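In the numbering used here, the protein residues as written are 42 to 182. Even for Gly, the Cβ is constructed at its ideal location relative to N, Cα and C. Quick caveat, the model's predicted, so the values are computed rather than measured. Inspection log for the structure reproduced underneath, given as structure tokens.
This is the structure:
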């Protein structure tokens, strides 16, 4: 059985990291590309945010005895297969897991234009992930 306190705690972290990233918006792309300190802050916050999504998915998958664990993307996939999150959100968060891997492991050079674009265009997927998990949890109790 899922531990409601763990889910709520992870949702709180996801919300905090998402809000932190929203506050880092506002500079032009050229300012962002030239500011290595801001780049590092954004990248690290993205890694923490995405890892929190993975951790939450792992907890739910294990607690609910969903499909066996595997990769981090499989953890997210198991939530989609169980209809805990929508397919659209599943696909976007799985894509974010790949993005996290690039940031964390530095596969090639990080494309700062891509990070800037994700910062400004894709944070709503994390809001949607939170909402869908919270709705699922609320329906259970």
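Give the secondary structure of residue i by DSSP, where H, G and I count as helix, E and B as strand, and everything else as coil.
i           : result
residue 126 : coil
residue 66  : coil
residue 43  : coil
residue 76  : coil
Give me the Cα-Cα distance between residue i and residue j, rounded to the nearest whole angstrom.
i           : j           : result
residue 71  : residue 157 : 10 Å
residue 132 : residue 118 : 8 Å
residue 62  : residue 181 : 30 Å
residue 92  : residue 141 : 8 Å
residue 125 : residue 43  : 13 Å
residue 129 : residue 77  : 32 Å
residue 46  : residue 155 : 35 Å
residue 60  : residue 165 : 11 Å
How far does the alpha helix (DSSP H) with residue i in it extend, from its first residue to its last?
i           : result
residue 152 : Taken as a continuous stretch (DSSP letters only), residue 152 belongs to no alpha helix (DSSP H), as it is neither H nor E.
residue 178 : 165-181
**Request:** Give, in chain order, every unbroken run of the alpha helix (DSSP H) that is at least 4 residues long and sits entirely within the stretch 78-121.
**Result:** none
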